[in-house]
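**Student:** Sequence positions in the sequence shown follow the numbering used here and run 555 to 855.
My questions will all concern the structure given below.
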Amino acid sequence: MLLFEDHKAQTPAVSHEAVVYAVAFAPDGSTLATGAKDGSIFLRDSSGCVSSLRDRGSKSLPAHAIAYLPGEAGVIAGGAFGWGLWKPDGESWQQFGPQSTRPVTSLAVVGPQTIALGIGDRLKPTAGTLEIWDISADRKLQPYFSEPNGVRSIAVCPAQKLVAWATGHKKVRVWDITTPKPFEFPQPKDCPAVALSPDGRALAVAVDYTAKIYDVDKRSERLVLRGHKGAVSAVAFSPDGETLMTGSWDETVRLWDVQTGRERANFKWDIGRVYCVTYAPDGLRLAAGSDLGRVVVWDAE
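Encoded structure:
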């Protein structure tokens with residue numbers, strides 16, 4: 555286990571703890587990107603070396619989402635500042651953008667030059683959209699979908715050309731981008747996080763103190779995962795699709811068998827409420843970020 559506090563600044567004059575909203579491993583698993591409420595975005599490699607893509611500041615707008623492009627081609631990050639692209643330039647990184655300054659709540663990579671963006675407000679219902687962008691041409695593609703209450707979170711399955719998003723008002727939509735319209739899964743409450751399995755057959759949704767797993771093809775609920783003592787705030791499928799990881803405000807991370815719903819593991823560290831979780835592409839490491847500015851990385855058992 556590795557615990558670090560890149561988003562917790564402590565000096566004689568400052569004691570600042572920022573919620574870590576986003577964590578993402580590089581395609582080769584060698585680097586972890588993290589973004590936080592204080593606007594900071596950091597990259598940390600396996601040796602512990604830290605690079606800053608975006609510095610914290612008293613007036614910095616929050617960073618909400620991070621994703622690596624395939625083949626180490628760059629990092630996409632979005633937040634209340636909009637979204638931008640960072641590309642490696644020797645030993646440093648060069649920023650391109652932001653391409654848009656509209657507030658981004660979430661994003662995901664659909665293809666080598668294509669991303670999905672959720673526009674809205676992370677904390678309150680605000681009009682927004684679900685958009686697909688061609689980043690090579692800096693162009694929003696058609697169609698896009700207006701959401702009266704914005705978009706809370708996004709997940710993609712590139713292999714099946716699926717995009718899923720949670721709206722700001724009790725709905726989760728799934729869209730095959732080769733078809734005109736999405737279909738939806740109504741929910742009893744707003745959903746802060748969604749995830750699609752690697753094969754696109756399963757959809758995970760964080761709902762209150764539970765996580766639900768849906769069969770996408772049958773468009774039906776298959777499992778409800780119960781055990782957390784606080785709101786579930788993050789969900790992520792393992793690369794083989796057999797395990798779902800959930801993070802919660804009860805300060806735990808849990809691993810679940812996707813077929814049976816059985817809890818496989820339960821982790822608790824001194825990191826506070828968990829806001830984001832992710833797997834490394836090879837499935838050998840996991841990471842979680844919290845509201846105390848802390849991030850923990852651990853080996854899969």
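Built from N, CA and C at the ideal position, the CB exists for glycine as well.
Here's the rule I'm using: 16 or more other beta-carbon atoms within 10 Å means buried, otherwise exposed. How should Cys603 be labelled?
**Tutor:** Exposed.
**Student:** The beta strand (DSSP E) that contains Tyr698, what's its start and end?
**Tutor:** From DSSP, Tyr698 is part of no beta strand (DSSP E); its letter is neither H nor E.
**Student:** Would you be able to state if there are at least three C-beta pairs under 8 Å between the segment 784 to 804 and the segment 745 to 753?
**Tutor:** Touching, yes, given that three or more Cβ pairs across the two stretches are closer than 8 Å.
**Student:** Going by Cα to Cα distance, which pick from Leu556, Val705, Ala572 is closest to Ala563?
**Tutor:** The shortest Cα separation from Ala563 among Leu556, Val705, Ala572 belongs to Ala572.
**Student:** Can you tell which of Lys735, Asp609, Ala747, Ala662 has the C-alpha that lies nearest to the C-alpha of Phe579?
**Tutor:** Of the listed residues, the one whose Cα sits closest to Phe579 is Ala662.
**Student:** For Val849, write down the residues that DSSP places opposite it in a beta bridge.
**Tutor:** BP columns for Val849 point to Phe558, Gly843.
**Student:** Using the rule of at least 16 other Cβ atoms within 10 Å of the residue's Cβ for burial, across every protein chain shown, is Thr732 buried or exposed?
**Tutor:** Thr732 comes out exposed.
**Student:** Excluding five sequence neighbours on each side, which residues of the same chain lie with their C-beta closer than 7 Å to the C-beta of Val857?
**Tutor:** In this structure the chain extends from 555 to 855, so residue 857 is not present and cannot be described.
**Student:** Since Val629 and Trp637 should fall inside the 8 Å C-beta cutoff, what is the C-beta to C-beta distance between them, to a whole number of angstroms?
**Tutor:** Incorrect: roughly 11 Å between the Cβ atoms, too far for contact.
**Student:** Measure the alpha-carbon distance for Phe656 versus Lys766 and round it to whole angstroms.
**Tutor:** Residue 656 is actually Arg in this sequence, not Phe. Arg656 and Lys766: Cα-Cα distance of roughly 31 Å.
**Student:** Please give me, in chain order, every unbroken run of the beta strand (DSSP E) with length at least 3 that falls completely inside the segment 624 to 649.
**Tutor:** For the segment 624 to 649, whole beta strand (DSSP E) runs of length 3 or above, ordered along the chain, are 629 to 633, 636 to 643.
**Student:** Cα-Cα, which of Ala842, Ser774, Lys772, Val812 is closest to Arg780?
**Tutor:** The option with the nearest alpha carbon to Arg780 is Val812.
**Student:** According to DSSP, simplified to helix, strand and coil, what is Pro712?
**Tutor:** The answer is helix: DSSP assigns Pro712 an H, G or I state.
**Student:** With distances taken Cα to Cα, identify the nearest neighbour of Ala790 among Ser707, Phe737, Lys724.
**Tutor:** Measuring from the Cα of Ala790, the nearest candidate turns out to be Ser707.
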